[in-house]
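Working notes for the structure below.
Numbering (the numbering used here), first residue to last: -9 to 294.
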């Protein structure tokens, strides 16, 4: 079964084109306004991102060092922005690179940022960096995901934790959030399923609020409908990390043949990306949250 899981995950190791905070508890999704279509006027795109960032025209004009009147004319289509103004507004609004390209096209300019796959020759150094991080994290699990949480690559430890997962969840593209909560995935094996689900939904809410991404909203709606068992009252492993005054991170607690494994996670992203693919790529690394998990993973890596 392990070989089958690894084979399926290798087939998923192609690059389509995505960070992490913890706050447990119920969170309602804030459905974003739809991103303007490809052929929408520049003003529609600008208005969308200005409202997404909760800025008035005056606030944005001050940030971008343009007059409020001129900004209003640009937004309503009575004036056309220069390429420099498009980029300046996008920078002030923290628009992701993919959407900056859309802004440029809407204003009549060519896209500025490439979106090369990790297998492209120009991306060799980036691919090697990702592989180095993944391999260097063994014997602990680590994986790379795109902006929609589809798995791009994983180290050799990840498949060992996916025993019993339904085959259709391992068919490319493997969505790691769906995999973690699905009733045929890791959902039934989560020892703190309710808390972990709330954490993932909150993480998605943050991304949706920042990017207004419709596929992420659809994924969020899907995950919200998955049933989970409430965390047991004797779940001291989660309580120890989540107690007031002691919380530093919510652990992922996974039932396995070796007992309950507890992990805390970190996110690694490229610091100065000028490529869409790199900006949307993130490596999530799982660290043992207790000695029992550390010892179990050492035995797993040794094959004992």
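The beta carbon of each residue, even a glycine, is placed where N, CA and C say it ideally should be.
Where the beta strand (DSSP E) containing residue i begins and where it ends
i: residue 180; result: Taken as a continuous stretch (DSSP letters only), residue 180 belongs to no beta strand (DSSP E), as it is neither H nor E.
i: residue 143; result: 141 to 144
Per DSSP, the bridge partner or partners of residue i
i: residue 278; result: 253
i: residue 273; result: 134 and 258
i: residue 165; result: 140
i: residue 246; result: 249
N-terminal and C-terminal residue of the alpha helix (DSSP H) that residue i is part of
i: residue 123; result: 114 to 126
i: residue 211; result: 204 to 214
i: residue 219; result: Counting along the chain, residue 219 falls outside any alpha helix (DSSP H), and DSSP gives it neither H nor E.
i: residue 94; result: 87 to 96
Minimum C-alpha distance to residue i - residue among the options
i: residue 214; options: 203, 189 and 200; result: 189
i: residue 44; options: 199, 111, 157 and 60; result: 199
i: residue 288; options: 263, 248, 257 and 269; result: 248
i: residue 122; options: 146, 104 and 112; result: 146
i: residue 271; options: 160, 260, 187 and 279; result: 260
i: residue 83; options: 164, 159, 149 and 35; result: 35
i: residue 150; options: 245, 37 and 50; result: 245
i: residue 257; options: 170, 110 and 127; result: 127
i: residue 187; options: 197, 174, 175 and 170; result: 170
i: residue 310; options: 168, 279, 129 and 253; result: The structure shown has nothing for residue 310, since the chain only spans -9 to 294.
i: residue 109; options: 177, 39, 101 and 143; result: 143
i: residue 286; options: 250, 209, 255 and 254; result: 250
i: residue 29; options: 93, 105 and 102; result: 93
i: residue 38; options: 101, 89 and 111; result: 89
i: residue 156; options: 164, 148 and 175; result: 175
i: residue 42; options: 76, 197 and 148; result: 197
Inter-residue spacing [alpha-carbon to alpha-carbon] between residue i and residue j
i: residue 114; j: residue 70; result: 39 Å
i: residue 284; j: residue 181; result: 17 Å
i: residue 78; j: residue 138; result: 27 Å
i: residue 135; j: residue 172; result: 18 Å
i: residue 154; j: residue 86; result: 37 Å
i: residue 66; j: residue 141; result: 40 Å
i: residue 9; j: residue 281; result: Residue placement at residue 9 is flagged as unreliable, the pLDDT there being 34, under the threshold of 50; the coordinate-derived value follows with that caveat. Near 26 Å, if we compare the C-alpha coordinates of residue 281 and residue 9.
i: residue 193; j: residue 211; result: 13 Å
i: residue 263; j: residue 117; result: 13 Å
i: residue 31; j: residue 97; result: 7 Å
i: residue 201; j: residue 292; result: 42 Å
i: residue 56; j: residue 81; result: 14 Å
i: residue 99; j: residue 61; result: 18 Å
i: residue 273; j: residue 120; result: 8 Å
i: residue 219; j: residue 266; result: 38 Å
i: residue 50; j: residue 59; result: 12 Å
i: residue 241; j: residue 217; result: 20 Å
i: residue 91; j: residue 268; result: 15 Å
i: residue 228; j: residue 243; result: Note that residue 228 scores 49 on pLDDT, short of 50, meaning its location in the model is unreliable and no value can be drawn from it.
i: residue 278; j: residue 133; result: 15 Å
i: residue 68; j: residue 160; result: 51 Å
i: residue 253; j: residue 203; result: 28 Å
i: residue 179; j: residue 124; result: 24 Å
i: residue 33; j: residue 162; result: 37 Å
i: residue 195; j: residue 166; result: 16 Å
i: residue 207; j: residue 47; result: 27 Å
i: residue 74; j: residue 106; result: 24 Å
i: residue 183; j: residue 239; result: 15 Å
i: residue 40; j: residue 54; result: 12 Å
i: residue 275; j: residue 131; result: 6 Å
i: residue 230; j: residue 185; result: Summary for residue 230: the model assigns pLDDT 48, below 50, so the residue's position carries little reliability; its value from the coordinates is reported in the next sentence. Answer to the nearest angstrom: the Cα atoms are 13 Å apart.
i: residue 104; j: residue 112; result: 11 Å
i: residue 95; j: residue 63; result: 19 Å
i: residue 152; j: residue 177; result: 11 Å
i: residue 102; j: residue 76; result: 11 Å
i: residue 168; j: residue 52; result: 42 Å
i: residue 255; j: residue 72; result: 43 Å
i: residue 316; j: residue 191; result: Because the chain is modelled from -9 through 294, residue 316 falls outside the range shown and cannot be assessed.
i: residue 148; j: residue 205; result: 25 Å
i: residue 158; j: residue 209; result: 17 Å
Residue-chain proximity (residue i, chain B), Cβ-Cβ < 8 Å
i: residue 122; result: Structure shown: chain B not included; a single protein chain is present.
Heavy atom of the ligand ZN within 7 Å of residue i beta-carbon
i: residue 111; result: The ligand ZN is absent from the structure shown, which contains no ligand whatsoever.
**Request:** List in chain order: all unbroken alpha helix (DSSP H) runs of 4+ residues lying wholly within the segment 19 to 74.
**Result:** Listed in chain order, the complete alpha helix (DSSP H) runs (minimum 4 residues) inside the segment 19 to 74 are 32 to 42, 47 to 54 and 58 to 66.
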